[in-house]
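Everything below concerns the one structure shown next.
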Amino acid sequence: MKIKYTLLKQEENTKARYGKIETNYGTFETPMFMPVGTKATVKGLSVEEVKDANAGIILANTYHLWLRPGADLIEKAGGLHKFMNYDGPILTDSGGFQVFSLVKNKKKDITEEGVHFKSHIDGSKLFLTPELSIQIQNKVDSDIAMSFDECPPASASYEYLKNSVLRTIRWAKRGKDVHSNERQALFGIVQGGAYQDLRKLSATETVKLDFDGYSIGGVANDNESKEDMYKAIDYSVPYLPEDKVRYLMGVGEPIDIIEGVIRGVDIFDCVLPTRIARHGVAFTRYGKINLNNAKFKEDFTPLEDDCDCYTCKSYTKAYIRHLIRNNEMLGARLLSIHNIRFLIRLTEELREAIKENKILEYKAKFIEDYYGKNK
RNA sequence: GCGGCGUUGGUGAAGUGGUUAACACGCUGGUUUGUGGCACCAGUAUGCAUGAGUUCGAUCCUCAUACGCCGCC
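So for the first sequence, the working numbering puts the first residue at 582; every next one is plus one.
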């Protein structure tokens, strides 16, 4: 089967919504946070640890898997789920985001046919098209495939963005036309920067193509301001169907997840929890903390007193600091486990807040705690 | 006791008679939003063993003292 979204409860004061997604691997509630497992692994974590965090869908990346180990090998292994031992739903990003960060000359390398760029591994010349991206995703057999879109920087001009939006719509159609995996859902991506008319154009035209879900892309990159990010959501959501899931790509920070939910977004993904973990930083209810800081040297309490994650149940800040300072890999692992659980727990709490029509109160309390000075 | 060499920040060290004493590590803080994993950015010696002298000016030259290493008695 393909993915099926059901709206269970619309919050009364905002666009926030509580729903469920039925997938090949069970039913999951939204709002939801998807841990990122780019190269068929959530960095540092076993699939058991990912599940212990109560994760639903996880994200893998077409570009990275295409280069290594290759789609054919994953097919031989019996598909991505068997290959990485994850019997939960997997979404594959199309590779658009990666590819455009590797493009050298925008005018020359981005053509109607596809995108020319160089491998980040050996510099060899590669060419990715909307069709090829979908074919790779069909082959690795993820549960949700993403259309191949252009992801321009936030600083792009209106004229550039307009052409980009139109091209992304044409690419979405081409990808859909070759999509052939019966059990795999396919999502369309809305672009258009922070411009209202471009988001409307992108959303309405993409919806006409009838995808299984829709994502809002081109957000949270290139030092984009939060205001522009929120605009991009506000200008996209009204044109998306109510009975399809909405996915905000690459977000993010706790406050951005909250703002996204309030604006009607259902699912999120972000590298932040695992990346900051590798650099020694943990999310907490009272803001981010850097375990490198000297003040944690003799702090024998958990990262968060009331956190239910494995790390908080077992280890102290002083110990994690010691691991991080000495570049011991367990440190990054423990922080990754906590940070992923933190964001998933945030979405669990947002669901409860929506059910009680208290999403704005939840946000106010969160801001007070997270950005307050009384730590 | 005599002779030689050395003494620069938390550490290893570069360096010059003249505005802000290199670099590395460490340390202190920060950044990170569809991941080119363990990165990047910033700060970190009002002072160059101590005292005296030469000089317009000394960390750099001279002398003495202390300490360290090596050799000789």
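All C-beta atoms, glycine included, are put in the ideal place defined by N, C-alpha and C.
Rounded C-alpha distance that separates residue i from residue j
i, j, result
"residue 848", "residue 726", "15 Å"
"residue 947", "residue 689", "46 Å"
"residue 881", "residue 927", "25 Å"
"residue 744", "residue 733", "11 Å"
"residue 958", "residue 704", "Outside the modelled stretch of the chain, which goes from 582 to 956, sits residue 958, for which no answer is possible."
"residue 766", "residue 869", "36 Å"
"residue 866", "residue 692", "46 Å"
"residue 899", "residue 857", "18 Å"
"residue 589", "residue 802", "32 Å"
"residue 953", "residue 836", "13 Å"
"residue 679", "residue 790", "25 Å"
"residue 906", "residue 793", "45 Å"
"residue 864", "residue 826", "27 Å"
"residue 764", "residue 720", "12 Å"
"residue 608", "residue 741", "40 Å"
"residue 879", "residue 872", "11 Å"
"residue 600", "residue 935", "10 Å"
Best match in the options for proximity to residue i [C-alpha to C-alpha]
i, options, result
"residue 632", "788, 918, 853, 586", "918"
"residue 845", "872, 857, 813", "813"
"residue 937", "837, 584, 594, 657", "594"
"residue 715", "638, 739, 647, 618", "647"
"residue 700", "692, 717, 687, 681", "681"
"residue 841", "685, 644, 887, 829", "829"
"residue 855", "602, 831, 921", "921"
"residue 674", "805, 852, 707", "852"
"residue 702", "645, 738, 728, 684", "645"
"residue 637", "787, 610, 657", "610"
"residue 957", "684, 719, 798", "Since the first residue shown for the chain is 582 and the last is 956, residue 957 is missing from the structure and cannot be characterised."
"residue 941", "839, 806, 738", "839"
"residue 810", "615, 896, 797", "797"
"residue 736", "722, 859, 833, 775", "775"
"residue 668", "751, 724, 652, 819", "724"
Same chain, Cβ closer than 7 Å to residue i, neighbours up to 5 away in sequence not counted
i, result
"residue 712", "755, 756, 759"
"residue 746", "772, 773, 779, 782, 783"
"residue 822", "788"
Same chain, Cβ closer than 6 Å to residue i, neighbours up to 5 away in sequence not counted
i, result
"residue 591", "598"
"residue 635", "925"
"residue 904", "911, 912"
"residue 695", "708, 709, 710"
"residue 583", "766, 793"
"residue 923", "864"
Practice task
Give a yes or no on contact between the stretch 615–626 and the stretch 910–917, applying the rule of three or more CB pairs nearer than 8 Å.
Solution key: yes
Exercise for the section: At 4 residues or longer, and completely inside the stretch 641–721: list those alpha helix (DSSP H) runs for me, N to C. Expected result: 643–648, 652–657, 661–665, 677–683, 687–690, 711–721
Practice task
Starting from the N-terminal side, write out each stretch of the alpha helix (DSSP H) that is 4 residues or longer and does not extend beyond the stretch 611–643.
Solution key: 628–633
Practice task
Check whether the stretch 883–893 touches the stretch 650–663, counting contact only when three or more Cβ pairs, one atom from each stretch, lie closer than 8 Å.
Solution key: no
Exercise for the section: Please go through the stretch 840–889 and give each complete alpha helix (DSSP H) segment of 4 or more residues, from N-terminal end onward. Expected result: 853–859
Exercise for the section: Could you tell me whether the stretch 638–658 touches the stretch 606–621, using the rule of 3 or more Cβ pairs below 8 Å? Expected result: yes
Practice task
Could you tell me which uninterrupted beta strand (DSSP E) segments, each at least 3 residues in length, are contained entirely in the stretch 760–809, listed from first to last along the chain?
Solution key: 766–771, 794–797
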